[in-house]
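For reference, the structure discussed in these notes is given below.
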Amino acid sequence: MTANRPAGLLLHVFGGDPAAVTAGVRVALNARRDLRDDAVIELVVQGGAVRGLLADSEPAASLAPLDDDAGITVLACENSMRSADLDAARLRDGVETVPAAVGHLARRQWDGWAYVRL
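In the working numbering, the protein residues as written are 47 to 164.
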């Protein structure tokens with residue numbers, strides 16, 4: 047990490063429970079309050095938990111507090127979505143995708159990001 051680049055925090059939500067998204071959002075908001083204002087946070091959702099990012103899912107409602115926080119990004123794993131037969135068009139607005147969570151997490155860590163598995 048350099049002085050002119052903000053620190054990055056990866057929060058990895060993995061598992062089959064869509065409700066894990068709600069816990070991930072809570073951790074992201076707590077981290078935002080505790081870390082530097084310029085810290086960048088990515089909530090990377092993998093496995094069946096990606097169902098919690100669907101626009102019509104109950105856990106997706108927990109993402110609302112992130113709408114006004116440009117420093118927190120929610121990313122869904124496309125491999126997990128494909129395994130669950132989900133289309134990106136069904137994701138809640140604001141949720142982005144990465145081709146493979148494992149590759150994204152590895153590249154970020156190689157770039158010096160901190161990693162926390164939830």
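All C-beta atoms, glycine included, are put in the ideal place defined by N, C-alpha and C.
TODO: Measure the CB-CB distance between L57 and A74 and report whether it falls below 7 Å.
DONE: Residue numbering aside, residue 57 sits at position 11 when the sequence shown is read from its first letter. Residue numbering aside, residue 74 sits at position 28 when the sequence shown is read from its first letter. In contact: L57 and A74 (Cβ atoms closer than 7 Å).
Going by alpha carbons, who is nearest to A77 out of L121, L137 and G117?
For the purposes of this step, residue 77 is taken as residue 31 along the sequence shown, with counting starting at 1. Ranking L121, L137 and G117 by Cα distance to A77 puts G117 first.
Exercise. For G62, does the count of other Cβ atoms within 10 angstroms reach 16, so buried, or fall short, so exposed?
Worked result: On the sequence shown, position 16 is the one that residue 62 refers to. With fewer than 16 other Cβ atoms within 10 Å, it is exposed.
- Message: Quick check: A85 and P64, are their CB atoms within less than 7 Å of each other?
- Response: Translated into positions along the sequence shown, residue 85 becomes position 39. Translated into positions along the sequence shown, residue 64 becomes position 18. Result no, Cβ atoms of A85 and P64 do not sit closer than 7 Å.
Exercise for review: Can you give me the start and stop residues for the alpha helix (DSSP H) that A147 sits inside?
Suggested key: Translated into the one-based positions of the sequence shown, residue 147 becomes position 101. Per DSSP, A147 belongs to the alpha helix (DSSP H) from A147 to W156.
field: Exposed unless 16 or more other CB atoms sit within 10 angstroms - verdict on R138
entry: Here the question's residue 138 lines up with position 92 in the sequence shown. Its Cβ being crowded by 16 or more others within 10 Å, R138 is buried.
task: Would you check if the distance between the CB atom of V90 and the CB atom of L121 is smaller than 7 Å?
output: If you number the sequence shown from 1, residue 90 lands on position 44. If you number the sequence shown from 1, residue 121 lands on position 75. In this structure, V90 lies near L121, with their beta-carbon atoms less than 7 Å apart.
Three-way DSSP call (helix, strand, coil) for R79 in this model | Locating residue 79 in the sequence shown gives position 33, where the first residue counts as 1. Three-state DSSP puts R79 in a helix.
Three-state class that DSSP yields for G70 in the structure shown: As a working note, residue 70 is residue 24 in the sequence shown. In this structure, G70 counts as helix in the three-state DSSP scheme.
| Based on the DSSP output, what are the partners of A160 in its beta bridges? | Taking the first residue of the sequence shown as position 1, residue 160 is located at position 114. BP columns for A160 point to L55.
- Query: CA-CA distance, P145 and V59?
  - Reply: As a working note, residue 145 is residue 99 in the sequence shown. As a working note, residue 59 is residue 13 in the sequence shown. C-alpha of P145 to C-alpha of V59: approximately 16 Å in a straight line.
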